[in-house]
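See below for the structure under consideration.
Number of protein chains: 2
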Amino acid sequence: MSGPSQGRITIKEVAEAAGVGVATVSRVLSGGSASAETREKVLAAAARLDYRPSALGRNLRRRRTGGIGLLVPDITDSFYARLTDGVLSCARSYGEPVTVGVTGDDPEREAELIGTLIEQSMDRVIAVPSGDGEMWAPALRAGLNVVFADRRVRTDVPSVVPDDRAGVLTAVEYLAGLGHRKIAYIGRHAQSQRVAAFRAAIASLGLPADRDLVVHARSSRDSAYAAAAGLLQHRPDVTAVIAGGNVLGEAAVLAARELDVRIPRDVSLIMFDDVPWAELCSPPLTVIAQPAQDIGYRAAELVLRHGRRPPAVTLPTQLVVRASCGPKVSSPRR
Amino acid sequence: MSGPSQGRITIKEVAEAAGVGVATVSRVLSGGSASAETREKVLAAAARLDYRPSALGRNLRRRRTGGIGLLVPDITDSFYARLTDGVLSCARSYGEPVTVGVTGDDPEREAELIGTLIEQSMDRVIAVPSGDGEMWAPALRAGLNVVFADRRVRTDVPSVVPDDRAGVLTAVEYLAGLGHRKIAYIGRHAQSQRVAAFRAAIASLGLPADRDLVVHARSSRDSAYAAAAGLLQHRPDVTAVIAGGNVLGEAAVLAARELDVRIPRDVSLIMFDDVPWAELCSPPLTVIAQPAQDIGYRAAELVLRHGRRPPAVTLPTQLVVRASCGPKVSSPRR
DNA sequence: ACCGCTCATGGAAACGATTCCATCATGGTT
DNA sequence: AACCATGATGGAATCGTTTCCATGAGCGGT
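Chains as they are written, first to last, in this note's numbering: chain A, -18 to 315; chain B, -18 to 315.
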């Protein structure tokens, strides 16, 4: 009865209780070879003492941390919440803990969080990168195992992204089919890829190109509202808008309501990202659904099985037609 | 030029580069006493080598992990996403990483996650407990620093919760004021506290008590829909329902729409938790707003400053009247 | 001039695990 | 009977940090 009854119990105490050496305990517990009898004794002792190996000790010796880091712009945004859910779901099946950080789409904050992560010896990270991803260069050189989600900003980092090009094209084609020619896009600052796809789609359909038809917002709700209201106010000639995310879409219907422009009579609206309330909205919103959860899950798979990794995974999007788009009005709204 | 140029650089190499001992480096970096000259040398060397102390080594020695663990039922639920955001926001100002786990309101999964957490040597945890919180007993005994959020299920654990009693009472009073007498409550399984408050409110206003007027759902959207649809179908006599959360509210308006019961003409609806889309909904939803982010922030404060901790913090809720409640219809709906 | 006090400093132990390596027993082969 | 191969086992080194303790220098007081 000499065991130190206080504090966490260690492998040493298990070894003592089982009457074997610490090396043997470690071997048995990590599936190494041992005689049936010894294995029995060790397992019994470990169970009796309710022994839990310390991840700290293990990781220090192994020189890597088990867990995975996840960096998202805004956990409050349903899209990133679902993406996070996907990551957590996959990580759970591997028993890996996930450390989450919020970047707010700010490269500086992102760099800071990367610092924290490598301080923690995390060697596997999933991130929705904020800027052009150049702050990742040092971490990459240091051997960090990174997978980008939702945005593909570096070709040397495996990425899991929605099929933006197809999604945007589908939306623009649908709108053009309804007769719209002045179509605007409201996006976040960081979505350069999607904006490029938008311009390409506009061009390919022979619609008038106009720089001012894409407006940007930062990741806050206020900024989104300002962008939407500004667009609706200053460009009475646009008859259809595409919102590049659910908070942008929300801001757009709010702004429209405030400015008394009716959807879809005055302007048609397509929102990226299908969220539960899109159906509850008045009018129900036509959306481009994105597989947020799958993106997270696949990204986690990629970062966990770090075999040879494909450079990029693209997941399909889907147009869900509801009631927020209508034929072009004959005369531009005043 | 003999430094091992591969892998992470350690305190030993910094010491060598600065021409001092490792103990001195450690002391300088953690704010201990040292001569100005030495401090200078060490700081210079550390900066030059871009040295980052390994949290692993530190934590092993200190026998505690810096980070904090966070357990929520469903990160996809806006309420818990905002709560998480609050926790992350507070933790960031302390430079503490946060490990997030999803319990799905399942005590078994929760116990499993607790195991992972203590394996990680996390000594500080914020949790939204699933059941009666009895699986926390061993962890508590082991000295884990736990704070409960959103639900108060044990008196021996500090908790940060919304003022459920006042919130429910406000909602019931408001509904009663509109003439409603058969008021139902749809809640999650785990919200025993709120259900008790509901019954108390009903009783205090002299309304008919009826066991069947509170129905429970599990944390999935499907379960929520089933519960709402069941209630609406089998109890044509209820003229007002209170939904105990935003996914329950969403399910209620969906079910109502499907069953062709109109809000608020046929039944009035009050939803717990104000979410951005409540205003966008048709009709805009009257809600009891809950300070989800504050709850998370305060819980994080509590768990980080583990001075003497108050047993419970209760944060106020607020009734936001929109358009989902109306006067009682004269005849029960068929 | 000596004593004792303070202060900076570096060596070494400790934290809890994994893993290399040496040791020893066993059993089969020549 | 001697020998080798095989496999189980435990001691000890190791990971990167913090912290205890001993050492030595500097210095003011008697």
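Glycine residues also receive a C-beta, built at the ideal position from the N, C-alpha and C atoms.
- Taking B:G2 as the centre and dropping the five residues before and after it, the same chain places the C-beta of A(-4) closer than 7 Å to its C-beta, in chain order.
- Inclusion of A:L51 and A:V106 in the CB contact set at 9 Å is warranted, their separation being smaller than that value.
- Between the segment 259 to 278 of chain A and the segment 138 to 154 of chain A there are three or more inter-stretch CB-CB distances shorter than 8 Å, so the stretches are counted as touching.
- When 8 Å is used as the limit between beta carbons, B:R63 is near these residues of chain A: T57, in chain order.
- For B:L150, same chain residues with a beta-carbon under 6 Å away, outside a window of 5 residues either side, are A182 in chain order.
- Listed along chain A is no residue with a C-beta nearer than 8 Å to that of B:P88; the closest approach is about 16 Å.
- Between the segment 253 to 273 of chain A and the segment 52 to 66 of chain A, the count of C-beta pairs closer than 8 Å reaches three or more; the two stretches touch.
- B:E91 counts as buried, since at least 16 other C-beta atoms from the protein chains shown sit within 10 angstroms of its C-beta.
- In this structure B:K163 is buried. Its beta-carbon is surrounded by 16 or more other beta-carbon atoms within 10 angstroms.
- When DSSP states are grouped into helix, strand and coil, A:Y166 belongs to the strand group.
- With contact defined as three or more Cβ pairs closer than 8 Å, the segment 183 to 196 of chain B and the segment 117 to 137 of chain B are not in contact.
- Cα atoms of A:A171 and B:L186: separation of roughly 54 Å, rounded to the nearest angstrom.
- Closest by C-alpha distance to B:D241, out of B:V302, B:L213 and B:S201, is B:L213.
- For A:A28, the number of other beta carbons within 10 angstroms of its own is below 16, and it is reported as exposed.
- Spanning the alpha carbons of A:D203 and B:A(-1) requires a straight line of approximately 50 Å.
- In this structure A:S35 is buried. Its beta-carbon is surrounded by 16 or more other beta-carbon atoms within 10 angstroms.
- Spanning the alpha carbons of A:R303 and A:D254 requires a straight line of approximately 13 Å.
- Sequence-distant Cβ neighbours of B:V128 in its own chain, meaning closer than 6 Å and more than five residues away, are I107, P139, A280, L283 and V284.
- Identification of chain A residues near B:T80 by a Cβ-Cβ cut-off of 9 Å yields G48, P78, V79, T80 and V81, ordered along the chain.
- Within the segment 94 to 140 of chain B, complete alpha helix (DSSP H) segments of at least 4 residues are found at 118 to 122, given in chain order.
- With a threshold of 16 other beta carbon atoms within 10 Å, B:E231 meets it and is buried.
- For B:H197, the secondary structure class from DSSP, reduced to helix, strand or coil, is strand.
- The Cβ of B:C262 sits closer than 9 Å to at least one Cβ of chain A.
- For B:L98, the closest C-alpha among the options B:V109, B:G114 and B:A120 is that of B:A120.
- Taking 8 Å as the upper bound for CB-CB distance, B:S16 and B:P54 are not in contact here, some 54 Å apart.
- For A:P88, the three-state secondary structure derived from DSSP is helix.
- Only buried fits A:P245, as 16 or more other CB atoms lie within 10 angstroms of its CB.
- Excluding five sequence positions before and after B:A26, the CB atoms of its chain that fall closer than 7 Å to its own CB belong to V(-5), A(-2) and A(-1), given in chain order.
- Annotation: the continuous beta strand (DSSP E) that includes B:S249 extends over S249 to F253.
- Any Cβ of chain B closer than 9 Å to the Cβ of A:A178 would place that residue at the interface, and such an atom is absent.
- Between the beta-carbon of A:D86 and that of A:S200 there is about 4 Å, and that keeps the pair under the 8 Å contact cut.
- Within the same chain, and ignoring the five residues on either side of B:A221 in sequence, the residues whose Cβ sits closer than 8 Å to its Cβ are L156, L159, H161, K163, I164, A165, V248, S249, L250, I251, C306 and K309.
- Against chain A, a Cβ distance below 7 Å from B:V234 picks out L261.
- DSSP places B:Q172 outside both helix and strand once states are collapsed to three, so it counts as coil.
- Beta-bridge pairing by DSSP links A:T46 to A:M103.
- For the segment 99 to 117 of chain B, the set of residues with a beta-carbon nearer than 7 Å to any beta-carbon of chain A comprises I99, E100, Q101 and S102, in chain order.
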